Amino acid sequence: MTITASAPGKTIIHGEHAVVYGKAAVATSVNLRTRVTCCDHESYVVLEAPDLDFVEAWPVSKFEAFPVPDGGCTTTVISFGALVPNICSAFEADAKSSKPGDQAKLAFLFLFTGITLRHNDGHFGPVKFTINSRLPLGAGLGSSASYSTALATALLAKYGAVQRALSSKDRELICSWAFQAECILHGQPSGIDNTICTYGGAVLFKGGKISESLESIPSYKVLLVNTRVPRNTKALVAGVKKRHDQFPDVIKPVLESIEAISETFWKLLKMAPEVAENMFSKSLELVEMNQSLLNCLGVGHPRLNRIAEIATLHGLAAKLTGAGGGGCALLLCRVGCQNNVGSSGEAEMLTVCKQLEEEGFLYWEVDLGCPGVTLD
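Sequential numbering of the sequence shown, starting at 1, is according to UniProt numbering.
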């Protein structure tokens, strides 16, 4: 039996870093997806990720040593802390490694072991998982959450714990497992990445939970522009905390302003484009203001600033998305029925793309608000 699950990437439109302090953030799914295919294997448990040039196989007996946790086959998620130390010992995995292959391996071992213990009564069998993704790594587009979400979905479907037409309850279970995998990879994640990869559409995320959600949003067209500068999310989050602790009277108002931008943009999302007056121009202004505020937090980078400059030269706006310090920027092109880009429409857009290419940036034209995780 072959099972295929796919999950979208995500982009945070507004609210990155502020969300860590309980402030509101707006995130949407993007139509760059990670696909996980699960099929039977003759004798091993195999993980293959061609994009990472990674393949590893383990004998089934290595997994059978793990005891079934209290509760047996229940819907209760096993916390990463209850399994990861034993997994690292049994499989010689390095929980501190930042190498993509090592991280993918550890997240897989946790999800495969935990979900099999909890949802298949610890009955392990030979199986092969193949991972393919259109998402760039380390670019703030939720590649790890997309991977964890698709993998958890494929495993849960294999054991009959979720149905092909995923229900709200199924998605809640998927999201919980994906969050535990994210904790392994990111330390203290906000939960926003795995949430948007699971549910799709757009969410207003506040205080560690979804405050509001939208299944569909106005037709925003954006460029996701990759600086090609790697960044370390943990280090950037720690840097904001240091600045917050040193200058609380300065940084707290910045975080509150970012939250106000998120909430203002959310109101725009809930309006029909033909009804919202000057929706595009307002969206541009909010993006421009937020980029300046994020620089105040110390998470900018000269390459991100250059993307914003290029956008401004052509009557557009861009900001970092995700942790910052490199990674990707979001460049807003148009929204809804308002097809003009700057003052010259599509011709101007081609000029923007050409300049980005000439200066060494990678970019993808993407749609926002696509469906969440699916079983094909």
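For every residue, glycine included, the Cβ atom is placed at its ideal position computed from N, Cα and C.
Since we're looking at a predicted model, the values are computed, not measured.
Under the criterion of beta carbons closer than 8 Å, Asn226 and Tyr363 qualify as touching, at roughly 7 Å.
9 Å or more divides the Cβ of Met289 from the Cβ of Ser262. Pairing Leu320 with Gly298 gives a Cβ-Cβ distance that is not under 9 Å. Linking Gln103 to Ile115 through their CA atoms gives a straight-line distance of about 18 Å. Linking Ile210 to Gln291 through their CA atoms gives a straight-line distance of about 24 Å. When C-alpha distances from Glu64 are compared across Val45, Glu56 and Ala82, the shortest belongs to Val45.
Shown here, Asn194 sits in a helix according to DSSP, grouped into three states. Three or more Cβ pairs drawn from the segment 36-56 and the segment 144-160 lie within less than 8 Å of each other, which places the two stretches in contact.
Taking 9 Å as the cut-off, the beta carbon of Gly9 is found no closer than this to the beta carbon of Val26.
At a Cβ-Cβ threshold of 9 Å, Ala329 and Ile307 count as neighbours.
Glu42 carries a coil assignment under DSSP once its states are collapsed to helix, strand and coil. Ranked by how close their Cα comes to the Cα of Asp121, the residues Phe66, Cys88 and Ser168 have Phe66 in first place.
Setting aside the 5 residues that flank it on each side, Pro69 is surrounded in the same chain by Ile78, Ala82, Leu117 and Arg118, each with a C-beta closer than 8 Å to its C-beta; the list follows chain order. As DSSP reads the structure, Phe129 sits in a beta bridge with Cys38 and Leu47. According to the DSSP secondary-structure assignment, Lys319 is paired through a beta bridge with Leu330. Taking a 10 Å sphere around the C-beta of Ala18, we find 16 or more other C-beta atoms and assign the residue as buried.
DSSP places Ser79 outside any alpha helix (DSSP H), giving it a letter other than H or E.
Beyond the five residues adjoining it in sequence on each side, Gly360 comes within less than 8 Å, by CB distance, of Arg228 in the same chain, given in chain order.
Distances from the alpha-carbon of Ser281 to those of Lys96, Phe265 and His244 put Phe265 closest. Non-local beta-carbon contacts of Thr113 in its own chain, meaning distances under 7 Å to residues more than five positions away in sequence, involve Phe63, Phe66, Leu83 and Ile87 in chain order.
In the DSSP annotation of this structure, the continuous segment of the beta strand (DSSP E) that includes Asn226 starts and ends at Tyr220 to Asn226. Val366 is not a Cβ neighbour of Leu332, given a cutoff of 9 Å. Looking at the DSSP output, Trp58 sits in a beta bridge with Val45. With a threshold of 16 other beta carbon atoms within 10 Å, Pro189 meets it and is buried. Under the three-state reduction of DSSP, Ser283 is assigned to helix. Secondary structure of Phe265 (DSSP, three-state): helix.
Closest in alpha carbon position to Asn232, among Leu185, Glu259, Val127 and Pro248, is Leu185.
For Asp94, the number of other beta carbons within 10 angstroms of its own is below 16, and it is reported as exposed.
Taking Gly208 as the centre and dropping the five residues before and after it, the same chain places the C-beta of Gly22, Ser190 and Gly191 closer than 8 Å to its C-beta, in chain order. Between Pro253 and the set Ala202, Val222, Leu294 and Ala90, the nearest pair of CA atoms involves Leu294. Residue nearest to Pro126 within the set Met1, Leu350 and Leu375 is Met1 (criterion: CA-CA distance).
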